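Protein chains: 6
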Amino acid sequence: MTGTIACYGELLLRLGAPGRQRLLQSPQLDVHIGGAEANVGVSLAQLGHPVRMLGRVADNPLGQAALGELRRHGVQTASVQAVPGRMGLYFLTTGALQRPSEVVYDRADSVFARGTPADYDWPALLDGARWLHLSGVTPALGPQVAETALDAARAARQAGLGVSFDGNFRPKLWEAWGGDAPGILRQLMEQADVLFADHRDMAVVLSQDFAQAEGPARNRAAAAAAFEAFPHLRYMACTLRTTYSVDHHGLGAMLMTRDGGCLEAPTRELPGVVDRIGGGDAFAAGILHGLLRALPDAETLAFGLAAGCLKHSIEGDFNLASEAEIRALMVEGRLDVRR
Amino acid sequence: MTGTIACYGELLLRLGAPGRQRLLQSPQLDVHIGGAEANVGVSLAQLGHPVRMLGRVADNPLGQAALGELRRHGVQTASVQAVPGRMGLYFLTTGALQRPSEVVYDRADSVFARGTPADYDWPALLDGARWLHLSGVTPALGPQVAETALDAARAARQAGLGVSFDGNFRPKLWEAWGGDAPGILRQLMEQADVLFADHRDMAVVLSQDFAQAEGPARNRAAAAAAFEAFPHLRYMACTLRTTYSVDHHGLGAMLMTRDGGCLEAPTRELPGVVDRIGGGDAFAAGILHGLLRALPDAETLAFGLAAGCLKHSIEGDFNLASEAEIRALMVEGRLDVRR
Amino acid sequence: MTGTIACYGELLLRLGAPGRQRLLQSPQLDVHIGGAEANVGVSLAQLGHPVRMLGRVADNPLGQAALGELRRHGVQTASVQAVPGRMGLYFLTTGALQRPSEVVYDRADSVFARGTPADYDWPALLDGARWLHLSGVTPALGPQVAETALDAARAARQAGLGVSFDGNFRPKLWEAWGGDAPGILRQLMEQADVLFADHRDMAVVLSQDFAQAEGPARNRAAAAAAFEAFPHLRYMACTLRTTYSVDHHGLGAMLMTRDGGCLEAPTRELPGVVDRIGGGDAFAAGILHGLLRALPDAETLAFGLAAGCLKHSIEGDFNLASEAEIRALMVEGRLDVRR
Amino acid sequence: MTGTIACYGELLLRLGAPGRQRLLQSPQLDVHIGGAEANVGVSLAQLGHPVRMLGRVADNPLGQAALGELRRHGVQTASVQAVPGRMGLYFLTTGALQRPSEVVYDRADSVFARGTPADYDWPALLDGARWLHLSGVTPALGPQVAETALDAARAARQAGLGVSFDGNFRPKLWEAWGGDAPGILRQLMEQADVLFADHRDMAVVLSQDFAQAEGPARNRAAAAAAFEAFPHLRYMACTLRTTYSVDHHGLGAMLMTRDGGCLEAPTRELPGVVDRIGGGDAFAAGILHGLLRALPDAETLAFGLAAGCLKHSIEGDFNLASEAEIRALMVEGRLDVRR
Amino acid sequence: MTGTIACYGELLLRLGAPGRQRLLQSPQLDVHIGGAEANVGVSLAQLGHPVRMLGRVADNPLGQAALGELRRHGVQTASVQAVPGRMGLYFLTTGALQRPSEVVYDRADSVFARGTPADYDWPALLDGARWLHLSGVTPALGPQVAETALDAARAARQAGLGVSFDGNFRPKLWEAWGGDAPGILRQLMEQADVLFADHRDMAVVLSQDFAQAEGPARNRAAAAAAFEAFPHLRYMACTLRTTYSVDHHGLGAMLMTRDGGCLEAPTRELPGVVDRIGGGDAFAAGILHGLLRALPDAETLAFGLAAGCLKHSIEGDFNLASEAEIRALMVEGRLDVRR
Amino acid sequence: MTGTIACYGELLLRLGAPGRQRLLQSPQLDVHIGGAEANVGVSLAQLGHPVRMLGRVADNPLGQAALGELRRHGVQTASVQAVPGRMGLYFLTTGALQRPSEVVYDRADSVFARGTPADYDWPALLDGARWLHLSGVTPALGPQVAETALDAARAARQAGLGVSFDGNFRPKLWEAWGGDAPGILRQLMEQADVLFADHRDMAVVLSQDFAQAEGPARNRAAAAAAFEAFPHLRYMACTLRTTYSVDHHGLGAMLMTRDGGCLEAPTRELPGVVDRIGGGDAFAAGILHGLLRALPDAETLAFGLAAGCLKHSIEGDFNLASEAEIRALMVEGRLDVRR
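Line by line, the protein sequences are chains R, E, Y, G, W and C. Here the first sequence stands for residues 9 to 347, numbered as in this note's numbering. Here the second sequence stands for residues 9 to 347, numbered as in this note's numbering. Here the third sequence stands for residues 9 to 347, numbered as in this note's numbering. Here the fourth sequence stands for residues 9 to 347, numbered as in this note's numbering. Here the fifth sequence stands for residues 9 to 347, numbered as in this note's numbering. Here the sixth sequence stands for residues 9 to 347, numbered as in this note's numbering.
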């Protein structure tokens, strides 16, 4: 099975203060390209999968730069539409010690957010693909985009593609237009074979409370509810993050299957985090890689967690780690300089 | 007379490619703060005038940075309102040779553009001021802002302040909302004591054709028409720009008075332009400085032109040249290193 | 009570090697503006207080840059005198691991250090102020400056202002001119309502030995002696710093009152220090904020310590943290990215 | 006819001193990707043509970066082989005034130069292509590469593709292995439909002396000889460069046809050159664009020259100018900021 | 005894990605000069010893830059030959968290590696020297260089110089030409008074297995074997490195003498490593400093370890720490800012 | 004759705004090392002469950096004394268009300026030298330094060294301490074999007016007077600078001999000046090179002017041009990229 993986979502420009400076403390911004689904796409392309981005960018140098960056990392961009309008932006201040990193979004009214169902011919866009990946950020952008995302998920399922969905619940975006987050997310999750979500997402979507359980058990309970609610669902995966300081995290992960299987990967220490943005997307891509390559579940989970951890050592939203690097971390290779 | 000069207009963040690179050719942006009226305000503050900025910025780190930069250069910012929303941006690629510089605007729906007449208490905002400066970019942002600009100009005149207006005709902005540019600009110019405009602006506003004249004579004809149309108008000034290449300009200037007076300052060569943005605003500020200090008209014009020329040697939108530097250029001081 | 806080002290330019490089290892220097009292002033301005800087700078681009930076962060600079001469400088190499950061001072003969009592009209300079802040660095610069500082403190007390004094004992500066540090510091402390000092400062000033006590008890004993010696004194505060490595500190704090009250805030871990310079000044400003806002003492101490800790995450001498950020740290908010 | 354009040649990393610095005057290098044929390919991709790169790169991060940069600019890289070995490098010092720019080559023994005929399956590599572009740098790298280039040109002709060849005569490279430059270049030119060469190249290849003619006439004479010698040749084009100073060039161009047609485009002034490297490749790509789009010859020449000129305003080896920018220059559009 | 220390080895240019970026993630490289023996030489020059570099560099700006950098740090370069050819390079990606740093070597066919015994007149080159330092990287470059290194070591011994040798076993380099590493290294070690090596090196050279011992005991066993095998050997020293993460190492050290003496210096924690490259060379230089200054062995070992640790806080391959800084670390001086 | 050239003078750190920015417009400074005599020394070392710097630097990282930079460029620094104190600094804003470059000196009380005759043992310092170079900046620093310079010049003459002196008249420095510039400079010039000075210098020193002549004739008249006044004088040389704009200069030169010989080198155009600082010193070094190598006078003058012109294309105070580059300019070699 060698079909393409399609990722539908918004491309954003990240404009970040250099190093650990405050935003505009000095008059420079470092630029990276990102977006939850694009991040997954770039990871999968790094891992050798054919990946096709779907969506809309501005037909100006910013949009071209975003597409160029995706192509640079091996993602096909020919199906992304370039139309008049603006690119979504976000401004990032990377924190330190106990000063958290801070995102100032400036993404309203982007060309992506203004897209409507009529802008997308899903059967054509998904032609030749084997998989579709989406996330909960997309439907949060407005009713038209939400409708479009649902169209995409349904078209994928109908065409026999696998579907993965990353919860990525962002209350602020939903509140901005009063969208019915639980209702819409539920419809999307109903189409999913693979769900990246934890008990917090499930509590929102299923209006259930998993607080009686504790720690990993909460996710297990949430997974049980999810498998019951969503008949197509085969896998649910999530990370468990501990934040000792802004620069020092711990990251564990879980992978749960319809048959009640539940694997836990022990927490890795991440002291000296370089860039935490995109860590969840790197994990998701790692899990998808395992599933698409039909690795054993335990290996899939280990691969996903190692991928997610390595992302924290890499600047920018993309996980540029190679499969060899991820596998080296899985086997706890030596950490001294490689010559 | 020691009152404050009030400048009402939008503050923008300029995000520019480093040096002569294409936008996002490398992943960095240099940030400057600008805006036609703020540029005039910073120039006047550098020249020793008390200056007060009026308008609205986003209540986020970007808006704070914009205000901080104005304060740094001596402009009072206490009357600028910080409200939720986004800052207007523009992306700049500085050209070279025969590749023109290019601006990509991303300023729609900024907090400034969303301001309404009700947001401004003009008598209070103008309290203690002796002068109000506005430009034609502001009313071009939409009907509410146009109304607000008119309110400001009328309130200033009513309170006995001098009023200056810089034409700054931007067709694209007017077209975006179908605004009646001639009608609105005419109402604003009616309030002006000093107008920065040339025959092209006047052709638009007065629906007159000055094409029968040539060169400077066109501006003289336009001025005659302006003085007839606008009873409060005392001065009209403009620059005459020749663009040999993107990096090599010639800049002359004219100053015309109600009594038919017309002074012309001969063209200065500007080979090796560093940054052309804000050249017109620097000129306007130089002229206002001369008028506010009651310099002889010829000195005022020479000062304005020298200020405008010096701006081309300075990075960013602001003319950071001191009065001493401008005066040194007026007397053709030596150009070797000053130790 | 809404009067201004006056800060009298020297503005310095910090010229620092980039990142963790040795000084001039590569041919670039990063510039920040600092000075013990200015640091306190900028912090208080960030926290919403009106702040006025007092002192002298060079009437050249360096002095103007220093004032511009203060204004940028909201401090009023109109009362700072710009006179011919040089700015005080210091060159900084930021250390790492077990290589300590290193300061090379080049501040002798600065315009500030050459100021004399006759240069300052204290009643006018303090007009409209409610508080004066000084530190022990200032009198250490020479007999004339010491006399000036005493004049300032006495004028403030006489005019009914509150006075705060930060010990900042620098033996090298005193030795350079053979000044009577204990005598002069004592006279200054006599004017203080609030003292930032610990047992080491008090040992010098009161020629007393607090070595019989241990740990926090030493500071308590020193405070008791201070309250006895200085009748106006209401508060004494200090930090307790542990330095595990150059990049990893622990920071605790104490606040002691005339009635024998002594609050201790437990040590916070600071792994991955970004910039330690100005940490004490940030703490002092936090305490002053609490006192000026009449917060409960415990909240004041917690606020001061949180402010001091946050400073360690911020480049430069100034604590640019907002009140919201400081309060978030006080309640141990989550440390993951804020979107 | 919508087939792909294939470019066979070496990808090089350019490691350049920043700005106008001497090499390693400060310890930084700016990196660009280049190579005569890749430069042509990127230009054509910018102009909307499907382009496929052919050749070999190192299977390490340097080779991946080179391919990534090509993809970023729209060139297909799937047919480039990544094999163990080293990338060709060149170190660039950009000159100024009368100090010429200087290239230090470090390209011996690169994976490309070590390629042999057996490494390339030309029918497969050229499958679906309509055109092949090569240059004289490639056969200069050694006998195996020369043989390979000949294989490529012959395979292209046999498969009915158009062939273009850029003389790019580099004596030093030929001398390094004692290659028969005239013989080999002649065989390559025999396959060409389009030749980028002037009288100097032809003098070498045809062992003829065109010195009796002067100025453009020399190139005309050389073209006449070329059309006689090479039966497939349809077009010969070249630039005429005047170098007033390192930063100020003049650039004209000629386009000659088999029927004796000879068009000359007048010299454009280029004062303030940003980056001269790749100017000839940009010209060649512009000419090819005109031919592939079947533009009138005069328009083709004007397009080629405008493209070549614009390249001088752009950092790096690639001409990133768009068709719209090139056409704007052809019609002498205004040079002031485009908003 | 005040003779010069001669260091024979290759000078390399390190081209590194900025900060923690991937190689060419952004288009810049930071350049440092290095090489195992040059690193030792620079350290010793920093510590006050006269040092002479021996070897060959390219007679181009890269070679000149390498020599210039050595001179800058006090090493004499007049005896290094500048000849046509290329400089050895290595590309460095500095890792983070669990992503190891990675070196891509591009050093084949460098002018140094192409040097032959006939290029070196050892009696002249060693004239006036008291010591010769070499390392195992040099003979690994090829049979001619290996022969040259042996010539050097024998000439040194014959002339009564002390000889130190750093194992630096690099299997990949030996494999590239099938060199007899054990045989050649053994011959070199036979000439050594001081050996920097551990049980792994000795296992290779003596074809002995020290696996029966554990931890430091393995090195002790290896030393015993070494002293038996090499009659001139007086000291063997090595570090013991623990790598908790890429940024957090522990470093201990051992110094063993012919009389069976074995000193161990306890492990120091290095959290927040800035640059690990050259740590072993810094240690070697520290040990040599102690021996050349005839310090007590324990002080020598402590000095060497402190030097090695400090290197990890310094960017680049050279240990630029001064003797005062190293001694401050030995006595565990305070780590707060030094003013 | 292969003796060393001794240069006695102050080493300064230049702290410059990046590119064409205003000083501290952005918070970075680029650092270069300079000083009139050191500039000459570095040029001569680049040209293959043994050069020894004499003077005093601060015994801190700044002084060490200054010495390191001299060594990097081949100047011997072992005779420079490192003593407690401060380094002389200057802050540079590089101008553009009609905005002149601006130097803010901060060099008072430097360790060099505080040196006294007793600090220098001239016979020892000049031992083995064949030439001494000084300039008029040095005696302008104060009476002690002036005395020291005179000691040096006399000791050199007495020891049979050649002496060159560059006028470098800086009125501000002399006025600062009321020094008798004409008297002291005259005494220094009396020792000179070679004088770099023009009619303005001679007017000051000889209290003569050369205004009756015009253009080059003025310098000829001044030379005649100089040869009459100074019996040891053999050569007088000067440049003739025209400043069309800050970035575009013209540079000619004259060389006059005791026998009345007067050579004029025609003006070279320098459009696009990179860095004008040190242009005169580069010229002086070029002339000295010609004299020391006993070139014909016309070649010496041409070499000196070409050296001076090339300096304008090089960042920093030093002329890093090689002899080959200077000679290439003398023969008007081609200006296109050298590969």
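For glycine and all other residues, C-beta sits at the position ideal for the given N, C-alpha and C. Note that this is a predicted model, so its numbers are computed, not measured.
Check	Outcome
As a quick exercise: from Y:Ala229, Y:Ala74, Y:Asn47, pick the residue whose alpha carbon is nearest that of Ile285 of chain Y.	Y:Asn47
Looking at the unbroken beta strand (DSSP E) that takes in Gly24 of chain Y, where does it start and where does it end?	20-24
So, is the C-beta of Met9 of chain Y closer than 8 Å to a C-beta in chain C?	Confidence at Met9 of chain Y is low in this model, with a pLDDT of 42, below 50, so the placement of that residue is unreliable and no value is reported for it.
Going straight from the alpha carbon of Gln106 of chain W to that of His256 of chain E, what length do you get?	53 Å
Under three-state DSSP, which class holds Gly186 of chain Y?	coil
Would you call the CB atoms of Ala104 of chain G and Val339 of chain C closer than 8 Å?	no
Counting Cβ pairs closer than 8 Å, one from the region 16-28 of chain E and one from the region 128-138 of chain W, do we hit at least three?	no
Against chain C, with Cβ distances strictly below 8 Å, would Val282 of chain G count as a contact?	no
Would the region 112-126 of chain W count as touching the region 326-340 of chain G if we require 3 or more Cβ pairs under 8 Å?	no
Expressed to the nearest angstrom, what Euclidean distance is found between the alpha-carbon atoms of Gly294 of chain Y and Cys246 of chain Y?	12 Å
According to DSSP, what are the bridge partners of Met244 of chain E?	E:Leu203, E:Met264
Kindly indicate which residue of E:Arg162, E:Phe177, E:Leu181 has the alpha-carbon position closest to the one of Leu149 of chain E.	E:Leu181
Can you give me the Cβ contacts of Thr12 of chain G inside the same chain, cut-off strictly under 7 Å, excluding the 5 residues immediately before and after it?	Pro58, Val59, Arg60, Gly136, Ala137, Arg138
What is the residue span of the beta strand (DSSP E) that Phe173 of chain E lies within?	170-174
Give me the chain G residues within the contact set of Gly288 of chain R, using Cβ-Cβ distance strictly less than 7 Å, ordered along the chain.	Chain G residues near Gly288 of chain R: none, gap ~25 Å exceeds 7 Å.
Hey, does Gln36 of chain R have any beta-carbon neighbour from chain E nearer than 8 Å?	yes
Measuring straight from C-alpha to C-alpha, what distance separates Met9 of chain E and Val119 of chain E?	No answer about Met9 of chain E holds up, because its pLDDT of 42 lies below 50 and its placement is not dependable.
Looking at His297 of chain R: is its Cβ nearer than 8 Å to the Cβ of Leu52 of chain R?	yes
With DSSP collapsed to three states, give me the class of Thr124 of chain W.	coil
With DSSP run on the structure shown, which of helix, strand or coil describes Ser118 of chain E?	strand
Would Leu142 of chain E pass as a contact of Gly17 of chain E if the rule is Cβ separation under 8 Å?	yes
Check the Cβ-Cβ distances between Gly76 of chain C and every residue of chain W, and say whether any is below 8 Å.	yes
Hey, could you find the ends of the beta strand (DSSP E) Gly294 of chain Y is sitting in?	Element bounds for Gly294 of chain Y: not the beta strand (DSSP E) but the alpha helix (DSSP H), 287-300.
Output the boundary residues of the alpha helix (DSSP H) element that contains Thr101 of chain Y.	From DSSP, Thr101 of chain Y is part of no alpha helix (DSSP H) but of the beta strand (DSSP E) over 96-101.
Of all the CB atoms in chain E, is at least one closer than 8 Å to the CB of Ser330 of chain G?	no
Apply the 10 Å Cβ neighbour rule to Gln29 of chain E and answer buried if 16 or more other Cβ atoms are within range, or exposed otherwise.	buried
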